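Respectively, the protein sequence lines represent chains A and B.
Note that this note's numbering has the first sequence beginning at 467, numbered continuously upward.
Note that this note's numbering has the second sequence beginning at 747, numbered continuously upward.
Glycine residues also receive a C-beta, built at the ideal position from the N, C-alpha and C atoms.
No experiment lies behind these values; they were computed from the predicted model shown.
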Amino acid sequence: MLDIVFLAFIGYVLVLGLRRPFVWVLLYVYIDILAPQRIGYSLIATLPVSLIAFAAAFGGWLALDRKEGARFTLRQGLMLALLLYCGWTTGNADFPVEAATKWDWVWKALLFAIFLPLTLTSRARIEGLALVLLLSVATIVIGTGLKTVLGGGGYENLKFFVNDNSGIYESSTLATVAIGLIPMLWWFVRHGTVFRPHWLVTGFAVALTFACLLVPIGTEARTGLLCIAALGGLMLRYTRHRFLFIAGAGVLGMTALPFLPQSYYDRMATIAAPGGDESASTRVAVWEWTIDYVAEKPQGGGFDAYRGNRFAYVMPVKEVDGNTTSVTYRQVVDEGRAFHSSIFEMLGEQGWPGLILWLVLHALGLWQMERIQRRWRDAEDEPVRWIAPLAAALQMGTVIYLVGALFQGIAYQPVMLMLVGLQIGLNTYCARIDSAQALLERSASRRETIAGKLGGAVAA
Amino acid sequence: MIDYFALALGHGLLAIALLRLVLRDGLDSDPLIGQMKGEAADNRKATSIAGRNAARRGRESGDESDPALPEPSAQAAKR
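Here is the structure:
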C-alpha cells in the first residue's frame with residue numbers, strides 16, 4: 467500500500483514536470499533526501515526511482531529548459547575539482563572495495579550539487595528548491611518529533627522511516643540538518659510566496675521548530691545540542707532585544723529540563739567528560755592517528771582510509787556493585803574506527819588538497835552570503851526584500867552544519883551539498899539582478915541624455 | 747501510525763507546493779530580471795538611430811506626443 471502511494475506521488479510529479487521540467491529536479495531532491503525506495507519494501511524497492519528522477523531532471527534541463535542566466539561559478543569549479551580528486555584517490559585507495567562503495571554515492575551527491583545551481587534561474591525556483599528541501603526533511607522530523615513526545619526516544623532506540631544509520635537517517639546527521647534548516651523555515655514564514663504568510667503557516671513553523679529541537683533530544687545525539695547552542699548564538703546577531711532573548715532562551719531551557727529523561731542527562735554529561743565514553747575517547751585517538759597518517763601520505767588514502775587505523779588507549783570503566791562504585795582503568799584496543807569529524811574525514815581520505823578544497827568551498831559560501839546580506843539588507847521592495855534574509859538563513863545553516871561536521875563524518879552529506887547549490891543559485895541570481903540593474907541604469911541615463919539633446923535641438 | 751501521519755502530512759504539503767509552483771508564471775523566467783531587461787531594451791530601442799528617426803518623423807508630422815520616447819520608467823529612475 468505504502469509503495470503504491472509513493473509511486474503515485476512520484477508519478478504525479480513526473481506528470482507535473484511535463485509542463486515545467488524544473489519540477490523533475492525537485493523530484494530528485496525529494497527522492498535523494500527521503501529515499502522512498504528504502505521506506506517501501508516491495509515494488510518501489512525494485513525500481514531505480516533515483517536514477518529515473520536524475521535522468522528526468524538532467525534530461526529535462528538539457529533538452530527543454532531555457533537555461534537563461536545559468537552560469538558555471540567558482541564554487542561549482544571547486545566541487546568539480548573535489549569530485550575529480552576524489553575519483554583519483556578512489557583509484558589509489560588503501561581499501562579499494564570499500565572506497566568504491568562510498569564513491570558510488572559521493573560522486574552522485576557532488577555531481578548533483580554542481581548541476582543544481584544551473585537550474586536555479588528565478589526567484590520561484592530558488593524558493594521551490596528551498597521548500598522541497600525543507601518539506602522532505604520535515605517529513606522525517608515530524609515523525610521523529612512525535613515519537614519523542616509520545617515517549618519512543620532514546621539513543622539508538624528511536625526508529626526512523628529507514629533504520630540503517632545511512633544518509634540523513636543517522637541520528638546526529640538528522641539532528642544537525644534539522645537544526646540547520648530552522649532559520650530557513652522562519653524565512654518561509656515571512657517571505658514565502660508558495661505558502662504565503664498566514665497563521666496556519668506560522669503555526670506549522672512553530673510546531674516544526676519544536677519537532678526539530680526535539681530531534682537531538684529524541685535521538686540523544688550530543689552533536690545536536692551543540693548545534694542548538696550554535697543556532698542560539700547566531701540568532702543573537704539578528705535579535706533586537708538581545709538580553710531579553712538570552713533571558714527567554716534561559717527560561718525556556720530551564721522549563722524544558724524537568725521533561726527530559728534521565729538517560730538524556732547521562733548521555734549529555736559525557737560531552738564534558740569525554741574520557742568515560744568510548745565513542746568520545748576514540749574520536750581523539752582517531753584524529754591523532756589521522757594527523758600521523760597524512761604526514762606520511764599527504765594526498766590522502768581514499769574513501770574509508772580509517773579502516774587501516776588501530777590503537778590502544780586506557781579508558782576508565784565504572785562498575786557499580788550495590789552502593790559501591792569502583793572505577794578501573796582498562797586498556798581498550800580499537801581498530802577501524804570512523805573519523806567522527808568531517809575535517810579529519812577529508813584530511814584522511816582526500817589529504818591536504820581535499821581538505822583545502824572543502825574548506826574553501828564552505829568559507830566562500832559564508833563570505834558570499836555575508837556579502838549578499840550587506841548588499842540587500844536595506845532593500846524594501848517586495849521583489850527583492852527576501853534576498854538578505856534568505857542569505858542570512860543559508861549562512862546560519864552552513865555555520866550549524868560546520869559545527870555538527872566537527873564531530874561527524876558528514877563532509878559529503880547530500881542535503882548540505884544541496885544547500886551549497888542553493889547558495890550558489892542565490893549568489894548567481896543576485897549577480898544577475900545587479901548586472902540587469904546596471905544595464906538598465908546605463909540605458910536610462912543614455913536615453914535621458916539623448917532626449918535632452920533632441921529637446922534642445924527642437925527648441926533651437 | 748505516527749509514520750503514516752508524518753508521511754501523509756509531508757507528501758500532502760509537497761503535492762500542494764509543487765502544484766502551486768507549476769501553475770505560477772515566474773518559474774521558468776524571472777519576472778524582476780525580465781522586467782529590467784525589457785525596460786533596458788526599450789531604452790536602447792528608443793536611443794537607437796532608427797528610434798530617433800521615428801521620433802523625428804513623428805514630430806515632423808505635427809504630432810507633439812513622442813511615441814518612441816516615453817518617459818524613462820519610474821522603476822529606472824528610482825534605481
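Report yes if the CB atom of residue i is closer than 8 Å to the CB atom of residue j, and no otherwise.
i: F873/A; j: H806/A; result: yes
i: S508/A; j: D469/A; result: yes
i: A671/A; j: L647/A; result: no
i: C693/A; j: T642/A; result: yes
i: G863/A; j: L582/A; result: no
i: F520/A; j: Y494/A; result: yes
i: L773/B; j: S602/A; result: no
i: A857/A; j: I876/A; result: no
i: T894/A; j: T539/A; result: yes
i: P487/A; j: W527/A; result: yes
i: F711/A; j: L702/A; result: yes
i: Y779/A; j: V798/A; result: yes
i: Y551/A; j: G767/A; result: no
For residue i, which option in the options has the closest C-alpha, if you only look at C-alpha atoms?
i: G831/A; options: G535/A, M545/A, Y759/A and E534/A; result: M545/A
i: L902/A; options: D771/B, D749/B, M782/B and A792/B; result: Reading the sequence as shown, one finds Ala at residue 902/A and not Leu. Minimum Cα distance to A902/A is reached at M782/B.
i: A596/A; options: S909/A, W755/A and L888/A; result: L888/A
i: L640/A; options: T791/A, V607/A, S516/A and G477/A; result: V607/A
i: E754/A; options: L856/A, V572/A, R776/A and R908/A; result: R776/A
i: I853/A; options: E636/A, R843/A and Q861/A; result: R843/A
i: R841/A; options: G557/A, D900/A and L821/A; result: D900/A
i: A456/A; options: A792/B, A787/B and E785/B; result: Not covered by the structure: residue 456/A. The range shown for chain A is 467 to 926.
i: L813/A; options: F475/A, F709/A and T555/A; result: T555/A
i: G690/A; options: R773/A, R656/A and A644/A; result: A644/A
i: T605/A; options: G617/A, Y635/A, G525/A and L584/A; result: Y635/A
i: A751/A; options: G921/A, D800/A, G699/A and G768/A; result: D800/A
i: P649/A; options: G699/A, T610/A and A687/A; result: G699/A
i: G817/A; options: I505/A, V481/A and D560/A; result: D560/A
i: S911/A; options: D788/B, M747/B and L765/B; result: D788/B
i: P502/A; options: H707/A, V628/A, A904/A and K763/A; result: V628/A
i: A804/A; options: R662/A, R773/A and E762/A; result: R773/A
i: A564/A; options: E914/A, D758/A, A771/A and W833/A; result: The amino acid at residue 564/A is misidentified as Ala; the sequence shows Glu. Selected option, being the one with the closest Cα: A771/A.
i: I779/B; options: L484/A, V850/A and L883/A; result: V850/A
i: I827/B; options: Y478/A, T748/A, F626/A and G594/A; result: The shown model of chain B, from 747 to 825, leaves out residue 827/B, and the question about it has no answer.
i: I683/A; options: L616/A, G716/A and P663/A; result: L616/A
i: L599/A; options: K568/A, A566/A and L883/A; result: L883/A
i: K533/A; options: D776/B, R802/B, N799/B and R803/B; result: D776/B
i: L584/A; options: A566/A, G543/A, W653/A and T756/A; result: G543/A
i: A687/A; options: L825/A, T614/A and G714/A; result: T614/A
Does chain D have any CB closer than 8 Å to the CB of residue i?
i: S792/A; result: In summary, chain D is missing from the structure at hand, where the protein chains are A and B.
Determine which residues share a DSSP beta bridge with residue i and list them.
i: F777/A; result: D800/A
i: V786/A; result: T791/A
Which bits of chain A does residue i rub up against, with CB to CB less than 7 Å?
i: E785/B; result: L906
i: R790/B; result: S909
i: G772/B; result: S588, R589 and A590
So residue i packs on residue j, CB below 8 Å; how close in whole Å?
i: P880/A; j: D570/A; result: About 13 Å separates the two Cβ atoms, so there is no contact after all.
i: T685/A; j: S637/A; result: 3 Å
i: L697/A; j: I580/A; result: That belief does not hold up - the Cβ atoms of L697/A and I580/A are roughly 28 Å apart, past 8 Å.
i: V660/A; j: A763/B; result: 5 Å
i: L549/A; j: L513/A; result: Contact doesn't hold; Cβ gap of about 27 Å is too wide.
i: A523/A; j: V491/A; result: 4 Å
i: P855/A; j: R591/A; result: So it is not a contact: roughly 18 Å between Cβ atoms.
i: L612/A; j: A752/B; result: 7 Å
Can you list the residues of chain B that residue i reaches, using a CB-CB cut of under 8 Å?
i: F475/A; result: H757, L760 and A761
i: G609/A; result: I748, D749, F751, A752 and L753
i: R486/A; result: L767, V768, L773 and D774
i: R843/A; result: Neighbours of R843/A on chain B: none; closest Cβ ~17 Å, over 8 Å.
Name, please, each residue of chain A whose Cβ falls closer than 9 Å to the Cβ of residue i.
i: R803/B; result: Within 9 Å Cβ-Cβ: nothing; R803/B doesn't reach chain A, min ~13 Å.
Since residue i meets chain B, which of its residues come closer than 9 Å, beta carbon to beta carbon?
i: L445/A; result: Outside the modelled stretch of chain A, which goes from 467 to 926, sits residue 445/A, for which no answer is possible.
i: T539/A; result: Within chain B, no residue comes near T539/A; the closest Cβ sits about 17 Å away, beyond 9 Å.
Just to make sure I have the definition right: I need the residues of chain A whose C-beta is within less than 8 Å of the C-beta of residue i. Which are they?
i: S775/B; result: R532, E534, T587 and S588
Which residues in chain B have a C-beta closer than 7 Å to the C-beta of residue i? List them in chain order.
i: L601/A; result: G756, L759, L760 and A763
i: A604/A; result: G756
i: P849/A; result: L778
i: L492/A; result: L764
i: Y478/A; result: A761
i: V760/A; result: Near V760/A there are no residues of chain B at all, since even the closest Cβ is about 42 Å away, more than 7 Å.
i: R898/A; result: I779
Using 7 Å as the cut-off, classify the Cβ of residue i as near or not near the heavy atoms of the ligand SAH, replying yes or no.
i: R837/A; result: Annotation note on the ligand SAH: not contained in the displayed structure, which lists no ligands.
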